[in-house]
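Take a look at the structure below.
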Amino acid sequence: MDLDAVPQEGNATLAGHAKLMYARDAQGRVVTTTSRGWEAEEIVTTHAVDALVAQAAAARERVAQGLASPLEYWMYDRRMDVALLSQTSGFWQWRVRRHLQPRHFAALSGGPARALCAGAGPVRRRTQGTAMNAIAAPVADAGFRHSQAAHCESGVISSLMRHHGVPAMTESMALGLSSGLSFAYLPFIKLSGLPLISYRMPPRAMIKGLLAPMAARFCFETFRSPEDGQRRLDALLADGHLVGLQTSVYWLPYFPPNMRFHFNAHNLLVYGKEGDEYLISDPVFEEPVRCASADLARARFAKGVLAPKGLMYYPQAIERKAVDAGAVRKAILKTVRNMLAPVPIVGVRGMRTLAGRIAKLAPADPRTVAFVGHLVRMQEEIGTGGAGFRFIYAAFLQEAAALLGKPQLLQMSDRLTAIGDDWRAFALKAARMVKGREAVDPAKLAALLREQARREESFFRDLKAAVS
């Protein structure tokens, strides 16, 4: 994607925020810039939010008619489904469904009632904008400089590394050196009842993937209770540590309302505390934010898929302060192996498996539109996505070309940028189907996805040859 093609359409779901993106400038270099969002993101996010709002409204009407228990309304109002409420409350799914019926819910008392209600969670604070979250004190007072990034985990780990004396650790270098680029179609893991589709390695893989190349030692801690997690975080901040956390997006009040979904693998940095508010460097935002301790605790201890369990991490030692060319070559070859793995749900084979699943969708089935919209949200909004990670990795290949003395990697960078453009074209085609501007055509989307798999397979085979 060229700089002048970076979308500035003003995605309303971003509530005025800007995202950091990677694009190619007039000299052919991949550089960072900001985007106010584009139509495809807004279409699929709005579609998902509208569906949830409609579910909650219908449930409320059913409660008023005595056909459903209040639990059904609160479940949908919290953007949950039966599976997620089961995970957060500890009830089997059949028991959750049972208590969606008024007479069974009315019979609840004591511990079971509290468990179900606690699973649905407290009322979210609905904030508009970020004025109330703005940091009043200069960030420099804490000895830390906030940097916006395209992705949370690569942004957090690169900021941590730079803060501790590794100036060359850009976000793109962090993604490439940790072999973070990937693809996975995981139908056995559900998010809001739909399969997990990932364009990166699993959570924490980027962080742990940098330990060996940088001869680093990190401490990772989880906790049994929010109280223990908060005490430990406060102690580390008092000692001057910069601390990384894994959290749930849904319970972070500074996120725009339409961006709050139950995604439990969002990373951020905490660099201080004033009164009852933590000072947070969230890499996907332009500026630092504040977050009340109760809200942060809820986000740290959210339950469900990828439950963070209060996870925090911080470096104990980083012995190597410069990036080694040998480590870069090794990381590239590992990424090639991941993308060409002989596993049907991983890499280019995973793309083909997903294409086969899409091809079987019925065009007239309303669930098909939900599936296609979910696919685009996973690609372009949740976790940076298919095009976004390809653009970041293209920037890494430019850095690798200089480190390895291999100018052919510049050509590979251009090729991957073009592949990223095709991912965005795929997302736009799918979003237009979700919006109703084009007929829903699963076969067409499956064909486009198979072509992406073909191009990526060819790319990664050539990349292997370029560094071998």
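Letter 12 of the sequence shown, counting from 1, is numbered 418 in the numbering used here, and no numbers are missing. Cβ coordinates follow ideal geometry from the N, Cα and C atoms, glycine included.
Alpha carbons only, please: which of the options is nearest the one belonging to residue i?
i	options	result
Arg606	Ala622, Pro619, Leu616 and Ser585	Ser585
Tyr660	Glu692, Gly650 and Ala641	Glu692
Phe865	Pro848, Ala833 and Ile825	Ile825
Leu409	Ala429, Ile603, Gln471 and Pro663	Ala429
Arg867	Met818, Met839 and Thr576	Met818
Leu582	Glu863, Glu805, Gly842 and Glu844	One detail in the question is off: residue 582 reads as Gly in this sequence, not Leu. Checked all of Glu863, Glu805, Gly842 and Glu844; the closest Cα to Gly582 is Glu805.
Leu717	Ile613, Phe707, Asp820 and Arg726	Phe707
Met899	Ile724, Met612, Ala454 and Ile449	The structure shown does not extend to residue 899, since the chain spans only 407 to 874, so no value can be given for it.
Ala713	Ala768, Gly794, Phe629 and Ile751	Phe629
Roughly how many whole angstroms lie between the Cα atoms of residue i and residue j?
i	j	result
Val690	Leu675	11 Å
Leu815	Ala872	7 Å
Ala424	Leu702	23 Å
Asp827	Phe797	9 Å
Ala859	Arg755	7 Å
Arg623	Tyr720	9 Å
Arg530	Gly422	With a pLDDT of 48 at Arg530, under the threshold of 50, the predicted position of this residue should be treated as unreliable, and no value is reported.
Ser699	Glu559	22 Å
Ala457	Val649	37 Å
Leu746	Leu658	37 Å
Trp498	Thr440	45 Å
Gly599	Ala489	8 Å
Val729	Arg503	54 Å
Gly842	Arg821	32 Å
Lys850	Asp645	57 Å
Val840	Leu767	14 Å
Gly762	Ala852	7 Å
Can you determine whether any heavy atom of the ligand HEM sits closer than 7 Å to the C-beta of residue i, and answer yes or no?
i	result
Leu581	The ligand HEM is not part of this structure, which contains no ligands at all.
My guess is that residue i and residue j are in contact by the Cβ rule of under 8 Å, so how many angstroms apart are they, rounded?
i	j	result
Val749	Leu869	No, Val749 and Leu869 are not in contact; Cβ-Cβ is about 19 Å, not under 8 Å.
Ala474	Leu506	6 Å
Met757	Phe589	6 Å
Lys831	Val436	The identity of residue 831 in the sequence shown is Ala, whereas the question assumes Lys. That pair is no contact at about 19 Å.
Gly678	Leu643	6 Å
Ser654	Asn670	5 Å
Leu781	Ile595	With 8 Å as the limit, Leu781 and Ile595 do not qualify as a contact, their Cβ atoms being about 15 Å apart.
For residue i, which beta-bridge partners are listed by DSSP?
i	result
Ser604	Ala590
Asp828	Paired residue(s): none; Asp828 is not in a bridge.
Ser495	None; Ser495 has no bridge partner.
Leu674	Leu651
Lys425	Ser441
Ile724	Ala622
Leu685	Gly678 and Arg696
Val436	Arg430
Leu597	Leu600
Asp408	Arg430
Gln414	Gly443
Verify the CB distance criterion: does residue i have a CB-CB separation below 8 Å to chain C?
i	result
Gln554	Among the chains in the structure shown there is no chain C, since it carries only a single protein chain.
Minimum length 3: unbroken beta strand (DSSP E) runs contained in the segment 710 to 789
718 to 724
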